[in-house]
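Novice:
Residue numbers (our numbering): -6 to 151.
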């Protein structure tokens, strides 16, 4: 029985890293800021024999954490949060109003971690919705995510 060498294991881990990074880039509803998008793009362009560092793995793990989709926040569904924010949109700053209007126009039922937190922060100004730590388990499948347009993060709207 052939033993797997350290080099073979490192190359397999590098392939796994690139596969995960590509999946994050292809996520139709991602909300990456410019730095995150550039970082992911740079990482998948590395040579096949490049060995990723622990710091690179840590960044990839953090981005995967941000990429989770959620259907509710503190017991409120995304459509309920959207309705609260949309009604009050004229009391927001311009970028906040644009975000509330855009989420409303999408008819969103799922939002990424940062998007739903931003929406919840807007809603909490007008309604006591509580706090939700948004756990890492039971992510929403991307195929079930929001409508045809891609989602922009609050960072894009600032």
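Ideal Cβ placement from N, Cα and C applies to all residues, glycine included.
1) Which term fits residue 53, buried or exposed, when burial requires 16 or more other beta carbons within 10 angstroms of its beta carbon?
2) For the putative contact between residue 36 and residue 49, defined by C-beta atoms under 8 Å, what is the C-beta separation to the nearest angstrom?
3) Rounded to whole angstroms, how far is the Cβ of residue 105 from the Cβ of residue 61, which I believe are closer than 8 Å?
4) Are the CB atoms of residue 122 and residue 67 nearer to each other than 7 Å?
5) Which class does residue 53 belong to by DSSP, given the choice of helix, strand or coil?
6) For residue 103, count neighbouring Cβ atoms within 10 angstroms of its own Cβ and tell me buried if that reaches 16, exposed if not.
7) Could you compute how far the alpha carbon of residue 174 sits from the alpha carbon of residue 81?
8) Just mark residue 84 as buried or exposed, buried being the case when its beta carbon has 16 or more other beta carbons within 10 Å.
9) Report all residues from its chain with a CB closer than 7 Å to the CB of residue 43; omit the five preceding and five following residues, and keep chain order.
10) Thinking just about the alpha-carbon of each residue, which of 3, 41, 118 and 57 is nearest to the one in residue 129?
11) Roughly how many angstroms separate the alpha carbons of residue 101 and residue 71, rounded to a whole number?
12) Alpha carbon to alpha carbon, what distance is there between residue 39 and residue 59?
Specialist: Considering the structure as presented:
1) buried
2) 7 Å
3) 7 Å
4) Yes, the Cβ-Cβ distance between residue 122 and residue 67 is below 7 Å.
5) helix
6) buried
7) A question about residue 174 goes unanswered here, because the residues of the chain that appear run from -6 up to 151.
8) exposed
9) 7
10) 57
11) Those two C-alpha atoms are separated by around 7 Å.
12) 23 Å
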